[in-house]
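Note sheet for the following structure.
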Amino acid sequence: MARHLEQYTRDLSTDAITRFLQKYPDYPFVEELVGDYKTASLFLLPFRRDSLWGYVDDDGNERIKADLEWAEPFAGAQALVGRAGRTGTINRSGRVVVPIEYDEVSDPVEGTSTVERNGRVGAVDRNGDLVVPMTFTDVGEFSGGLAYAQRDDTYGFINPRGEVVIPFSFVSAGTFRNGLAVVEREDGFGVIDVKGGVVVPAEYDWIEGFDGAVSRARKDGRTGLISPFGDVLVPLRYDHIGPFRDGLALIVEGKRCGYITPTGSIAIPLEYEATDDVAGWGDFINSLAEVQSAGKRCLINTRNERVLPCAFSDIGPATGALIPVRKKGKWGYSDRKGNALFDNRYDQAGEMSGGIARVRQGALFGLIDSTGKEIVPPGFSNLVATDFGFWLATGTEGTGLLHANGKVALALRYDDVKLMRNDIARVERDGRIGYVRLTDGRAIWKEEGLEVP
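Using our numbering, the first residue of the sequence shown is number 19, and each one after it goes up by one.
Here's what the structure looks like:
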């Protein structure tokens, strides 16, 4: 049973400990597992001492001693760390999981991480055991139990034990999606199934892949649509076909554009003007798309009904109640009935998210709410939305955090700020780092010489 515990808990994740207890409910040393579970639940932060790295908890207590060359924040049950120029992972008790002997260790996918050393690539499982030998020059991420691999300038597919499932016969290969993978042969790109059977002949210059029900394909500079069975749904005649959003995809033919369905039916005729950069702004977002007619931009819905009239030089993403619009070189906002909220006065207007949008006047940024009120007047050289509703703000004295209502959450005095959790920020100034609890502004841990007000 001890051997099974080792297999279940080497990465010290709460899920692994729970699975072990479910499988072995009569395990006699439950108190030991309770301690492991508490350790696995810790929120740990990298800290530095005498140029070496370790980890403290969210109360500032040292949990893993500083004997590492570098240490990343934990992602799941493990954290990437470095020692003696090599990379590996540790769990929250500080125990090495993936041996610190590789040049690179990737994030796990389907319980497997690719590892690289001296130009050779293999894979380890979540316990750090080498399951795919280091005999390849490239190994992709596993999907459905298969990953592409490169050996001797050719590609094939292997399983999580490193066994060859589809022979090495391709010029290049992609990751399986929905049981299909794009592969390249000498004559071009095609598609195979999980048994290596040809689904789409290798005759295209590019194939997108089947993340959805259809795939875009290109040949001789023309684009069309193909099905997972290799059928041509839309002949390869268009200059561009965009990704499907809200069930429609932008199509461009010459100087005109419209929209099609996944079956290839024309949903919106090619009656709009296609500028050279239409692929960058013409896709549907939240069932609305920006189009151009007679040199002016308008907004349509999926039924080709005008939501905003053709009266603007540019329109921003329609993600909120208000839509950014530009007219006569200045930006403002319109509601979904086409009513202007105020005279256009900004040099930049961001999309509305959570009832707040970023605006710029000259070189300075501010925030407005859904009524157009400036809750943070333009006065910051940088203002970036972050997780947990904070805004990363840079002023004349440095960088800090603002609440969405404009109140200061962290003083603007640092060279760099990064949110670690909804109530903890990593701060840096003059090369010294620390962690600040946002609820009271106090330092959890800081290097000597770093001032935290």
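Idealized CB from N, CA, C, for every residue including glycine.
State buried or exposed for residue i, treating a residue as buried only when at least 16 other CB atoms are found within 10 Å of its CB.
{"i": "Phe360", "result": "exposed"}
{"i": "Arg324", "result": "exposed"}
{"i": "Arg28", "result": "buried"}
{"i": "Ile284", "result": "exposed"}
{"i": "Gln9", "result": "Because residue 9 is not part of the residues shown, which for the chain are 19 to 471, the question remains open."}
{"i": "Ser352", "result": "buried"}
{"i": "Asp44", "result": "exposed"}
{"i": "Pro287", "result": "exposed"}
{"i": "Val445", "result": "buried"}
{"i": "Trp349", "result": "buried"}
{"i": "Arg344", "result": "buried"}
{"i": "Ala267", "result": "buried"}
{"i": "Glu80", "result": "exposed"}
Would you mind reading off the limits of the beta strand (DSSP E) that contains residue i?
{"i": "Leu254", "result": "250 to 256"}
{"i": "Ala285", "result": "284 to 291"}
{"i": "Pro327", "result": "324 to 330"}
{"i": "Asn319", "result": "314 to 319"}
{"i": "Gln310", "result": "306 to 311"}
{"i": "Thr417", "result": "417 to 420"}
{"i": "Ala84", "result": "80 to 86"}
{"i": "Arg455", "result": "450 to 455"}
{"i": "Met438", "result": "434 to 439"}
{"i": "Arg444", "result": "442 to 447"}
{"i": "Trp463", "result": "461 to 464"}
{"i": "Trp299", "result": "Careful: Trp299 lies outside any beta strand (DSSP E) and carries neither H nor E."}
{"i": "Ser69", "result": "Neither: Ser69 is in no beta strand (DSSP E) and is coded neither H nor E."}
{"i": "Tyr351", "result": "348 to 352"}
{"i": "Leu359", "result": "Taken as a continuous stretch (DSSP letters only), Leu359 belongs to no beta strand (DSSP E), as it is neither H nor E."}
{"i": "Glu204", "result": "Note, Glu204: premise wrong, no beta strand (DSSP E); not H, not E."}
Using the DSSP secondary-structure output, state which residues sit across from residue i in a beta bridge.
{"i": "Leu63", "result": "Val74"}
{"i": "Thr132", "result": "Ala141"}
{"i": "Gly174", "result": "Ala167"}
{"i": "Leu340", "result": "Leu340 pairs with nothing; no bridge assigned."}
{"i": "Asn400", "result": "Thr412"}
{"i": "Leu382", "result": "Gln379"}
{"i": "Gly276", "result": "Ile269"}
{"i": "Ser187", "result": "Partner(s): none; Ser187 has no beta bridge."}
{"i": "Val150", "result": "Ala141"}
{"i": "Thr107", "result": "Leu98"}
{"i": "Ala89", "result": "Val99"}
{"i": "Asp387", "result": "Ile374"}
{"i": "Asp156", "result": "Gln168"}
{"i": "Val182", "result": "Ile176"}
{"i": "Val426", "result": "Leu420"}
{"i": "Thr241", "result": "Arg236, Tyr256"}
{"i": "Glu392", "result": "Ile386"}
{"i": "Tyr120", "result": "Thr105"}
{"i": "Leu198", "result": "Arg195, Asp211"}
{"i": "Lys345", "result": "Lys348"}
{"i": "Val114", "result": "Ile108"}
{"i": "Val127", "result": "Thr130"}
{"i": "Ala58", "result": "In DSSP, Ala58 forms no bridge with anything."}
{"i": "Arg431", "result": "According to DSSP, Arg431 bridges with nothing at all."}
{"i": "Arg263", "result": "Leu266"}
How is the alpha helix (DSSP H) around residue i delimited, first residue to last?
{"i": "Ile35", "result": "32 to 41"}
{"i": "Ile45", "result": "For the record, residue 45 in the displayed sequence is Tyr; it is not Ile. Per DSSP, Tyr45 belongs to no alpha helix (DSSP H) and is neither H nor E."}
Figure out for me which residue from the options has the closest Cα to the Cα of residue i.
{"i": "Ser245", "options": "Arg255, Pro219, Arg263", "result": "Pro219"}
{"i": "Pro91", "options": "Asn79, Arg81, Tyr73, Gly413", "result": "Tyr73"}
{"i": "Ser233", "options": "Glu204, Ala367, Asp205, Asn196", "result": "Asn196"}
{"i": "Asp211", "options": "Ile225, Asp223, Arg203, Phe194", "result": "Phe194"}
{"i": "Ala191", "options": "Ile184, Val201, Gly53", "result": "Val201"}
{"i": "Ser161", "options": "Asp171, Tyr173, Pro178, Pro151", "result": "Pro178"}
{"i": "Leu63", "options": "Met438, Glu415, Pro287", "result": "Met438"}
{"i": "Ser371", "options": "Leu385, Asp301, Ala34", "result": "Leu385"}
{"i": "Leu70", "options": "Gly449, Tyr55, Ala89, Ala58", "result": "Ala89"}
{"i": "Ile176", "options": "Pro117, Thr130, Arg203, Asn145", "result": "Thr130"}
{"i": "Ala292", "options": "His258, Thr281, Phe262", "result": "His258"}
{"i": "Asn362", "options": "Tyr120, Gly373, Arg354, Pro342", "result": "Pro342"}
{"i": "Glu181", "options": "Val149, Leu198, Ala34, Ala461", "result": "Val149"}
{"i": "Ala403", "options": "Gln379, Ala381, Lys436, Gly390", "result": "Lys436"}
{"i": "Thr172", "options": "Gly163, Asn357, Asn79, Ser187", "result": "Ser187"}
{"i": "Trp463", "options": "Val470, Tyr453, Pro471, Asp54", "result": "Tyr453"}
Of all Cβ atoms in chain D, is any one closer than 9 Å to the Cβ of residue i?
{"i": "Leu39", "result": "The structure shown contains no chain D; it holds only a single protein chain."}
Q) Hey, which unbroken runs of the beta strand (DSSP E) at 3 residues or more fall wholly within the region 209 to 235? A) 216 to 222
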